[in-house]
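Participant:
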Amino acid sequence: MYKEQFIKEYGECYSSFDAARFVDRNWGKMTGLSNRDKDEEGYFPDEVETFIEELEIDMDDFSQEWGDVREGAEDWEDEDED
Numbered sequence: 088m089y090k091e092q093f094i095k096e097y098g099e100c101y102s103s104f105d106a107a108r109f110v111d112r113n114w115g116k117m118t119g120l121s122n123r124d125k126d127e128e129g130y131f132p133d134e135v136e137t138f139i140e141e142l143e144i145d146m147d148d149f150s151q152e153w154g155d156v157r158e159g160a161e162d163w164e165d166e167d168e169d
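Just so you know, we're using the working numbering here: the sequence shown kicks off at 88 and counts up by one.
#1: Kindly indicate which three-state DSSP category Met146 falls into: helix, strand or coil?
#2: With DSSP collapsed to three states, give me the class of Asp126.
#3: Count the other CB atoms within 10 Å of the CB of Ile139; is the residue buried (16 or more) or exposed (fewer)?
#4: Could you say which of Glu158, Met88 and Lys116 lies nearest to Glu127 if we only look at CA atoms?
#5: Using a Cβ distance threshold of 8 Å, determine whether the segment 142-155 contacts the segment 106-116, with at least three qualifying pairs required.
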């Protein structure tokens, strides 16, 4: 379901960083979890793991990019508070 939406947005040539950004933006819809649950290290709900497998992205690469996306999100949140 989300694979088709992802391909529509990013095309056939995408990276694990693209997937991490997509999951970050669609976290609630994909998982039914709150944004606070995004920061639980080393844990990805089954919906996310299945999505990454469907895209044939290495989970270790995705995890690394996920960390970068989440760090960036924290920076944006800090800027919003200023």
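By construction, the Cβ of each residue, glycine as well, lies at the ideal position given by its N, Cα and C atoms. All figures in this text were calculated on a predicted structure; none of them were measured in a lab.
Facilitator: For this structure:
#1: helix
#2: helix
#3: buried
#4: Glu158
#5: yes
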